[in-house]
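Residue numbers for the sequence shown follow this note's numbering, beginning at 13 and rising by one. Take a look at the structure below.
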Amino acid sequence: MQARPAKSASKNEEDFAPLKAWRAAILSGNAAALSALYSANPPATVATPEGKSTDVASEVNFWTSFKPDGPLAVEFSEMQSQSPQGDLRQVIFQTALTTRTHSALRKVYVSAALVWQKQGDAWRIVSSQRTTPARLLQALSPKKDLYPAEENAHTRIKEALARSASSHKRVLLVFGANWCYDCHVLDAAFHTAEIAPLLARGFEVVHVDVGEYNKNLDLAERYEVPLKKGVPAIAVLAGDGKLLYAQKTGEFQATRRLGLEDIIAFLQRWKP
Numbered sequence: 013m014q015a016r017p018a019k020s021a022s023k024n025e026e027d028f029a030p031l032k033a034w035r036a037a038i039l040s041g042n043a044a045a046l047s048a049l050y051s052a053n054p055p056a057t058v059a060t061p062e063g064k065s066t067d068v069a070s071e072v073n074f075w076t077s078f079k080p081d082g083p084l085a086v087e088f089s090e091m092q093s094q095s096p097q098g099d100l101r102q103v104i105f106q107t108a109l110t111t112r113t114h115s116a117l118r119k120v121y122v123s124a125a126l127v128w129q130k131q132g133d134a135w136r137i138v139s140s141q142r143t144t145p146a147r148l149l150q151a152l153s154p155k156k157d158l159y160p161a162e163e164n165a166h167t168r169i170k171e172a173l174a175r176s177a178s179s180h181k182r183v184l185l186v187f188g189a190n191w192c193y194d195c196h197v198l199d200a201a202f203h204t205a206e207i208a209p210l211l212a213r214g215f216e217v218v219h220v221d222v223g224e225y226n227k228n229l230d231l232a233e234r235y236e237v238p239l240k241k242g243v244p245a246i247a248v249l250a251g252d253g254k255l256l257y258a259q260k261t262g263e264f265q266a267t268r269r270l271g272l273e274d275i276i277a278f279l280q281r282w283k284p
């Protein structure tokens with residue numbers, strides 16, 4: 013299942029009528045309507061996040077379990093669609109499901125691959141697989157140049173400090189590398205509607221490439237970031253370059269396990 017996190021689903025793919033019906037059934041929590049979208053003959057094959065076989069009833073139960081009132085929103089981040097044959101269509105996507113728990117909103121992200129087959133006048137799901145729900149948008153197709161090899165991190169930090177001195181922002185250093193999956197998850201979170209405005213108001217963000225733990229090691233030492241704890245690793249600087257915070261225990265190393273609220277709380281704590 014491959015999809016770029018920062019891009020929205022195309023209109024043509026979202027307008028695929030069976031997928032709209034699938035979304036509507038989840039929004040309403042209508043198990044019968046959702047079950048009817050799965051093929052009975054041949055029986056649909058359904059795989060768990062671990063790749064094991066399960067039945068349609070279990071899958072329907074998962075998608076309709078966001079109750080009591082059903083999801084408030086089901087949003088697609090990006091899709092990939094293939095039609096290897098005229099009567100088959102595979103749709104791969106990541107969806108954000110927003111629900112209300114008591115007085116708070118909760119958002120989870122699930123990636124899924126659905127194979128639809130035209131059976132008479134109707135489309136039915138003949139194969140499906142999904143991921144375990146995550147609290148952050150997952151980087152399913154990471155940007156190749158999040159940490160450009162040619163960039164000079166020393167210069168970037170110097171420029172960011174100059175800007176922050178006049179804008180009264182903090183400088184957020186994110187040590188990482190292009191091979192680091194959680195670095196891309198963190199970057200995707202930085203671009204969400206919940207976090208991007210907070211970053212824009214209070215921080216200058218500089219990505220510091222550590223390569224294969226053989227680049228910019230002097231910067232990691234200067235800003236007291238123990239790379240042996242893993243990346244991404246974060247440091248926060250004042251406009252005068254004073255170190256305000258350095259990650260010590262790998263707090264962001266497993267970003268995929270964090271939630272938006274965790275990152276927001278961190279930024280709220282260290283904003284100017």
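Every residue, glycine too, gets a C-beta built ideally from N, C-alpha and C.
Pair within 7 angstroms by beta-carbon distance, residue i and residue j
i, j, result
"ALA268", "ASP194", "Per the sequence shown, residue 268 should be read as Arg rather than Ala. Cβ atoms of ARG268 and ASP194: closer than 7 angstroms."
"GLY251", "SER153", "no"
"ALA200", "ILE207", "no"
"VAL183", "LEU249", "yes"
"SER123", "THR143", "yes"
"GLN141", "LEU100", "no"
"GLU236", "ALA172", "no"
Assigned exposure category for residue i - 16 Cβ within 10 Å defines buried
i, result
"ASN164", "exposed"
"PRO17", "Because PRO17 sits at a pLDDT of 36, beneath the cut-off of 50, its placement in the model cannot be relied upon, and the following sentence gives the value as read from the coordinates. Classification for PRO17: buried."
"LEU185", "buried"
"GLY98", "exposed"
"ASN53", "exposed"
Simplified DSSP assignment, three categories, for residue i
i, result
"SER93", "strand"
"LYS119", "strand"
"SER176", "helix"
"ARG268", "helix"
"LEU210", "helix"
"TYR225", "coil"
"LEU84", "coil"
"SER51", "coil"
"VAL72", "helix"
Within-7 angstroms CB hit, residue i to chain D
i, result
"GLY98", "In the structure shown, chain D does not exist; there is a single protein chain."
Endpoints, beta strand (DSSP E) assigned at residue i
i, result
"GLN280", "Careful: GLN280 lies outside any beta strand (DSSP E), inside the alpha helix (DSSP H) at 272–282."
"ARG11", "Nothing about residue 11 can be reported from this structure: the residues present for the chain run from 13 to 284 only."
"VAL217", "215–221"
"VAL58", "57–59"
"LEU109", "100–113"
Opening and closing residue of the alpha helix (DSSP H) in which residue i lies
i, result
"LEU39", "29–40"
"PHE187", "Here PHE187 belongs to no alpha helix (DSSP H); instead the beta strand (DSSP E) covers 182–188."
"LEU198", "193–202"
Residue i Cβ short of 6 angstroms to the ligand GDP heavy atom set
i, result
"ASN53", "Only the bare structure without any ligand can be found here, which leaves the ligand GDP out of the picture."
Next on the checklist: Ignoring anything shorter than 3 residues, give me the beta strand (DSSP E) runs that lie fully in the stretch 117–174, in order along the chain.
Outcome noted: Listed in chain order, they are 134–142.
Item to check | Length-filtered (4 minimum) alpha helix (DSSP H) runs lying within the stretch 243–268 | outcome: With a minimum length of 4 residues, no continuous alpha helix (DSSP H) run stays inside the stretch 243–268.
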